[in-house]
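According to our numbering, the residues represented by the sequence shown are 1098 to 1318, in order.
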Amino acid sequence: MGKRGPKPKIIVNTKWSANLAYALGLLATDGCLIKEGSWIDLTSKDKEQLENFNKCLGVNIKIGIKNRGSDNRAWRVQMKNIIFYDFLVSLGFTPRKSMTIEKIIIPDKYFFDFLRGCLDGDGYTFSYWDPRWRSSFMIYTGFVSASKAFLLWLREEIGNRLEIQGHLTSTKKKNIYYQLKYAKYDSLKLLKRIYLHKNSIYLKRKKLKIDKALATIGWSI
1098 MGKRGPKPKI IVNTKWSANL AYALGLLATD GCLIKEGSWI DLTSKDKEQL ENFNKCLGVN
1158 IKIGIKNRGS DNRAWRVQMK NIIFYDFLVS LGFTPRKSMT IEKIIIPDKY FFDFLRGCLD
1218 GDGYTFSYWD PRWRSSFMIY TGFVSASKAF LLWLREEIGN RLEIQGHLTS TKKKNIYYQL
1278 KYAKYDSLKL LKRIYLHKNS IYLKRKKLKI DKALATIGWS I
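Given below as structure tokens:
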């Protein structure tokens, strides 16, 4: 068997942990694998997201700027690492994965850490409330993907653990994409589990939005 070249300069610890699972959630949503050269790319509008990614993997990859138009600047990290690339492929990640990603192999213990990464990647929450009626408060938690199979897998995994069933819809703008959405008490149940451990790594902007929404009616997670 021929040699595959020199060992990568960046060493990623692939021993399972909550931080590794969270980083994989970010890659499953905002990341990209490039087969030519075994590159791993993560792009986000939130610089904190990439700082968290580096922290979770125990690396210090340079965070650069990716310009996508005059008002559409994003941040990006890239690394060339065949060992980590092969590890990701073994879990179910695919090159150019946005439409091809399906099931990802995640230990049960770390599934909700992975899901927190997915929420911070291409997930969202929104809420509304008419103060005249306390019961009118609604909060939604959703995940977005171009891969229907990926969201079906997420829905099954979440349902098996929390006994809740999200609603899957599709929207076609320039390209078709899918949304997996949970409402009110199912949403709250899901968020409580995602943010169960107070010392977990998460995107502060999204967590603060959730906390402020729930505080309007005296709820918290």
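For glycine and all other residues, C-beta sits at the position ideal for the given N, C-alpha and C.
Note on geometry: alpha-carbon atoms of I1255 and K1112 lie some 24 angstroms from one another.
By the C-beta criterion, the region 1144-1159 is judged not to be in contact with the region 1247-1265, since fewer than 3 inter-stretch pairs fall below 8 angstroms. Nearest to I1162 by C-alpha distance, out of K1177, L1259, D1143, is D1143. By the criterion of at least three beta-carbon pairs nearer than 8 angstroms, the region 1123-1140 is in contact with the region 1216-1224.
Distance from the CA atom of L1117 to the CA atom of Q1276, rounded to whole angstroms, is 25 angstroms. Looking at the DSSP output, V1174 shares a beta bridge with L1139. G1220 carries a strand assignment under DSSP once its states are collapsed to helix, strand and coil. Contact between S1135 and N1178 is confirmed by a C-beta separation of about 7 angstroms, below the 8 angstroms threshold. Residue range 1161-1164 is occupied by the beta strand (DSSP E) that includes N1164.
Between G1315 and K1303, the alpha-carbon positions lie close to 18 angstroms from each other. When secondary structure is reduced to three states using DSSP, V1156 falls in the coil class, being assigned neither helix nor strand.
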